[in-house]
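Q: First residue of the sequence shown: 4, per the working numbering; consecutive thereafter. Ideal Cβ placement from N, Cα and C applies to all residues, glycine included. Here it is, the structure in full.
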Amino acid sequence: MAKSKHTPRAPGRGPRKAIDLAMDHLNAGRLSEAEFALRASLMARPNDADALNLLAGIALRKGDSASALSALQSAAKAKPRDAGVHFNLAGVYRRCGKPLEAAEHYEIAAQLKRNFTDAEVLKGEVLKELGDWDRAQNAYETAIAYDRNSAIALNGLGQCLAKKREWKTAAETFATALDLLTPQEALKRSHVLLGLGTALLNLGSGREGLSALVDAAALAPGNEDLLLLLERHLRHARVLPNNPSFPALIARLFENVRVSPRALSASAAQILHGDQELCEALNAFASPEAEFDKTRAAAIAKHRLLLIHLRSAPITDAKLELWLTALRRALLLETTKGGGSDITDLLPLTTALATQAYLNEYVWYVAEDEVAAAGQLLNTGTAPASWATLALLACYRPLEQSDLSGIDQDAIPDEIRPLLRQQIEEPAEERRIRSQITSLGDITDATSQAVRQQYEENPYPRWVRVGKRSSGPFREAIAESFPYLQPDLLPTTDKPRVLIAGCGTGLETIGVLNAFEVSSVLAVDLSLSSLAYGIRKLGDLGITSVEYRHGDILNLDRFTGEFDLVHSFGVLHHMAEPKRGLAVLAQTLRPGGYILAGLYSRIARRQLNVARDMIAGRNIASKPSDIRNFRREILTGQMDPAIASLANPASDFWALSECRDLMFHVEEHQFTLLEIAQLFQETGLEFVGIEVAFGPDLEKFRAEHSDPQDLKSLTLWHDFEERNTDVFGGTYRLWARKPG
4 MAKSKHTPRA
14 PGRGPRKAID
24 LAMDHLNAGR
34 LSEAEFALRA
44 SLMARPNDAD
54 ALNLLAGIAL
64 RKGDSASALS
74 ALQSAAKAKP
84 RDAGVHFNLA
94 GVYRRCGKPL
104 EAAEHYEIAA
114 QLKRNFTDAE
124 VLKGEVLKEL
134 GDWDRAQNAY
144 ETAIAYDRNS
154 AIALNGLGQC
164 LAKKREWKTA
174 AETFATALDL
184 LTPQEALKRS
194 HVLLGLGTAL
204 LNLGSGREGL
214 SALVDAAALA
224 PGNEDLLLLL
234 ERHLRHARVL
244 PNNPSFPALI
254 ARLFENVRVS
264 PRALSASAAQ
274 ILHGDQELCE
284 ALNAFASPEA
294 EFDKTRAAAI
304 AKHRLLLIHL
314 RSAPITDAKL
324 ELWLTALRRA
334 LLLETTKGGG
344 SDITDLLPLT
354 TALATQAYLN
364 EYVWYVAEDE
374 VAAAGQLLNT
384 GTAPASWATL
394 ALLACYRPLE
404 QSDLSGIDQD
414 AIPDEIRPLL
424 RQQIEEPAEE
434 RRIRSQITSL
444 GDITDATSQA
454 VRQQYEENPY
464 PRWVRVGKRS
474 SGPFREAIAE
484 SFPYLQPDLL
494 PTTDKPRVLI
504 AGCGTGLETI
514 GVLNAFEVSS
524 VLAVDLSLSS
534 LAYGIRKLGD
544 LGITSVEYRH
554 GDILNLDRFT
564 GEFDLVHSFG
574 VLHHMAEPKR
584 GLAVLAQTLR
594 PGGYILAGLY
604 SRIARRQLNV
614 ARDMIAGRNI
624 ASKPSDIRNF
634 RREILTGQMD
644 PAIASLANPA
654 SDFWALSECR
664 DLMFHVEEHQ
674 FTLLEIAQLF
684 QETGLEFVGI
694 EVAFGPDLEK
704 FRAEHSDPQD
714 LKSLTLWHDF
724 EERNTDVFGG
734 TYRLWARKPG
């Protein structure tokens, strides 16, 4: 706490004696004695600001904020021009959750004392918390004018500049703040690095930006929000940082329950490719004629990051998939040939490969000799010959399809139990859930029936993990995403009643719950298999408040005017008449309600259409074996570049349900933004804005179109997409509202 001004007195007399005595007690750590002395002094002089200020300090040390606040309020009345008293009072107001009062008294303190840097800095911090970014910026700039070496003020100013998307100046400001901090100030450095990394990423300096975030995470290992931010940026990363600590951090992220492992796949693949010893070991199994090398297999089995990746998310790298497919084949053939090796000691590797096979839904290519060898595993009796044999069997088919009645439950090793949970217990739980889901009525539309059948066979997407995160008010989130909206166009509620039209396997549901505070959620889907999967996964996260219904979007007309938010991502373009589906969803909205619609971009999917045309021309079926074989042609370079480009880490190429959805869907419509503008107009919806995943793309658009209202022009966005064909990643995320 700041010291208040007091009139000097001769030592040892009157109130001054009591204060000196209290100070002696405080310095010796005797809080009770100090408090007693001060209260005795206040009995004689109840308005002694010095005594009240000290008494407040004692109350704070004892955790009694209410008493500290009362004492400082009295001190401020007694000594209204004491900057130190107002500074301390502001701090207690802030601690008590009263930021407006805190800002007021920091301002008073700054006015009463010249060059009061700390008051300006903390005023800026409070104003930032209040969302008053302009006044916060003024406070930080004033503090820097007083002390250009104030790293806290520079960091705050950088945050204000970033809020205004002035990324270049923000990055320079953060860099200056970082230079002023010593290596020992780890927590402060992590905060500055966080801002610097975000600014650099939005400027398009991907490697440097990610490097700053990695350094920040190393300095603040307990900062979960920082890890989640890093995960989000790695999802869209096009380069990797050079930090030596990055591989260990990726492994740590894979093991964090709040992080989506799929977002890390591309980064993990690049790290694995950089491990020369691992690549040499994997490549040794690439040739069909190569002898089985158990020493190399054992080295692979000890590679921590590889095994974590295999158990956490589908591999999204062509070369790694080909290597691992060859390794799986080598393990199988070695086990089933006469006089083959005992691979029991490779159980961690075989179980990891089995888990990976289940995660990618057995989309990896299977050669003819593997089919025969896998058949031998099935003919060894009801119980497997060994646990390694069981794991190998799970590399080719889910264990729920096998008779495991002969297994001794007490003898199951720890490496096998997760497989049994994943491949037997969880599917059984989903079958139980499926039987309890309420229906909205019969699904009679022919296209809806066909789409339903696809997703009953292949629920999409089969996700592993998405952590629960803190959500915020809906109105505030929309205002943050689209700051150009006038207040009367913002949502009318902070906690909307939500309809998720086409909730699939629950990934969109958890996305909504992580983003917004809600009053209720109704989640609807055509596929019972998808619904059961989603209900189980959300139940694992403790989310049980969502109401689920099985049915067609076309049957939602009974909910006219009931919802504040309709979320329908990746659904309308699979209907026979997307316009009809959108009209039904618009009907369910209350006046002033919002809709998020995910629709395919014809521009971005031009290359995909080459593959779809080839599939149709060659009459390739959507059964698993045909999908595996077609993927194999792509992975081994037998396709033209337009089709080969589909095997990129961000593509829905790496699991069976995803690949079927991507290239083999029974019904698909694609749009341009000009067509969507017409679609919104015809269904009575008003376009609000479009999401752009990659920050530099948004900055590029802003550089071309300086008027904020240009962000609401689908014509301008269409023109921009024609020149930047991958800006929306294949699917638009469009926000619109129902006027009223």
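For Arg478, I'd like the list of residues in its chain whose CB is within less than 8 angstroms of its CB, leaving aside the five on either flank, ordered along the chain.
A: For Arg478, where only same-chain residues beyond five positions count, the Cβ hits under 8 angstroms are Leu493, Pro494, Thr495, Thr496 and Asp497.
Q: At what residue ranges does the stretch 96-164 contain a whole run of the alpha helix (DSSP H), taking only runs of 4 or more?
A: Complete alpha helix (DSSP H) runs here, min 4: 102-115, 120-132 and 136-149.
Q: Can you round the beta-carbon distance between Thr508 and Leu559 to whole angstroms, since I take them to be within the 8 angstroms contact cut?
A: Contact flag wrong, Cβ pair sits at about 20 angstroms.
Q: Using three-state DSSP, classify Lys243 as helix, strand or coil.
A: The question names Lys, but residue 243 in the sequence shown is Leu. Leu243: coil per DSSP, three-state reduction.
Q: Answer with buried or exposed for Asn56, where buried requires no fewer than 16 other C-beta atoms within 10 angstroms of its C-beta.
A: It is buried - the Cβ of Asn56 has at least 16 other Cβ atoms within 10 Å.
Q: Label Arg94 either buried or exposed according to how many other C-beta atoms from any shown protein chain fall within 10 Å of its C-beta, with 16 as the threshold for buried.
A: For clarity, residue 94 is Gly in the given sequence; the question names Arg instead. Gly94 comes out buried.
Q: I want to know whether the stretch 660-679 touches the stretch 607-614 - three or more CB-CB distances under 8 angstroms.
A: Taking 8 angstroms as the limit for Cβ pairs, the verdict is that the stretch 607-614 does touch the stretch 660-679.
Q: Give the DSSP bridge partners of Tyr551, in chain order.
A: Its beta-bridge partners are Ala526.
Q: Taking the continuous beta strand (DSSP E) assigned at Gly341, which residues delimit it?
A: Element bounds for Gly341: n/a, residue is neither H nor E.
Q: Answer yes or no: does any C-beta atom of chain D fall closer than 8 angstroms to that of Ile693?
A: In summary, chain D is missing from the structure at hand, where a single protein chain is found.
Q: Enumerate, from N- to C-terminal direction, the unbroken alpha helix (DSSP H) stretches of 4 or more residues contained entirely within the stretch 565-634.
A: The qualifying runs are 581-591 and 609-620.
Q: Roughly how many angstroms lie between the CA atoms of Tyr597 and Ser522, to the nearest whole one?
A: Using only the alpha carbons, I get a separation of about 15 angstroms.
Q: With Thr563 as the anchor, note down where its alpha helix (DSSP H) starts and where it stops.
A: From DSSP, Thr563 is part of no alpha helix (DSSP H); its letter is neither H nor E.
Q: Can you give the Cα-Cα distance for Glu459 and His576, rounded to whole angstroms?
A: Between Glu459 and His576, the C-alpha separation is close to 18 angstroms.
Q: Closest to Ala113 by CA distance: which of Asp528, His89 and Leu103 is it?
A: Nearest C-alpha to Ala113: His89.
Q: Whole angstroms are fine: how far does the CA of Gly87 sit from the CA of Phe119?
A: Roughly 10 angstroms between the two C-alpha positions.
Q: Going by the CB atoms, is the gap between Ala154 and Lys191 shorter than 8 angstroms?
A: Yes, these two residues count as a Cβ contact at 8 angstroms.
Q: By DSSP, does Arg261 sit in helix, in strand, or in coil?
A: Coil.
Q: Rounded to a whole number of angstroms, what is the C-alpha to C-alpha distance between Glu294 and Tyr463?
A: About 39 angstroms.
Q: If you draw a straight line from the alpha carbon of Leu237 to that of Leu252, how long is it in whole angstroms?
A: Using only the alpha carbons, I get a separation of about 12 angstroms.
Q: What does Val691 pair with, by DSSP beta-bridge criteria?
A: Bridge partners of Val691: none, in fact.
Q: For Arg740, write down the residues that DSSP places opposite it in a beta bridge.
A: Answer by DSSP bridge pairing, in chain order: Tyr597 and Glu689.
Q: Less than 6 angstroms between C-beta atoms, sequence neighbours within five positions excluded: which residues of the same chain meet that for Arg705?
A: Result list for Arg705: empty, nothing under 6 angstroms.
Q: Ordered along the chain, which non-local residues of its own chain (more than five positions away) have a Cβ less than 7 angstroms from that of Ile637?
A: Counting only Cβ-Cβ distances below 7 angstroms, and skipping sequence neighbours, we find Ile646, Ala647, Leu649 and Ala650.
Q: Starting from Ala304, trace the alpha helix (DSSP H) in both directions and tell me its first and last residue.
A: Looking at the DSSP string, the run of the alpha helix (DSSP H) that includes Ala304 is Lys297 to Ala304.
Q: Tell me whether the beta-carbon of Gly573 lies closer than 8 angstroms to the beta-carbon of Gly505.
A: Cβ distance < 8 angstroms, so Gly573 and Gly505 count as in contact.
Q: Could you give the DSSP three-state label for Val217: helix, strand or coil?
A: The answer is helix: DSSP assigns Val217 an H, G or I state.
Q: According to the neighbour-count rule (16 or more other Cβ atoms, all chains shown, within 10 Å of its Cβ), is Lys305 buried or exposed?
A: With fewer than 16 Cβ atoms within 10 Å of its Cβ, Lys305 is classed as exposed.
Q: Mind checking who Thr447 pairs with in its DSSP beta bridge?
A: Partner(s): none; Thr447 has no beta bridge.
Q: Using only alpha-carbon positions, find the residue among Gly733, Leu164 and Thr179 that is nearest to Ala173.
A: It is Leu164.
Q: In angstroms with no decimal places, state the Cα-to-Cα distance between His194 and Glu211.
A: If I take the Cα positions, the gap works out to 16 angstroms.
Q: So what's Gly475 in DSSP terms, helix, strand or just coil?
A: Of the three classes helix, strand and coil, the one that applies to Gly475 here is strand, per DSSP.
Q: Can you grab the Cα-Cα spacing for the pair Ala589 / Pro476, in whole Å?
A: One C-alpha to the other measures close to 22 angstroms.
Q: Kindly give me the distance between the Cβ atoms of Leu181 and Leu199, rounded to whole angstroms, as I take these residues to be in contact under 8 angstroms.
A: Indeed they touch by this definition, with Cβ atoms about 6 angstroms apart.
Q: Tell me the DSSP secondary structure of Arg726 in three-state form.
A: DSSP places Arg726 in helix when its eight states are reduced to three.
Q: Check whether the stretch 350-364 and the stretch 391-399 touch, using three or more Cβ-Cβ pairs below 8 angstroms as the test.
A: Yes, they touch.
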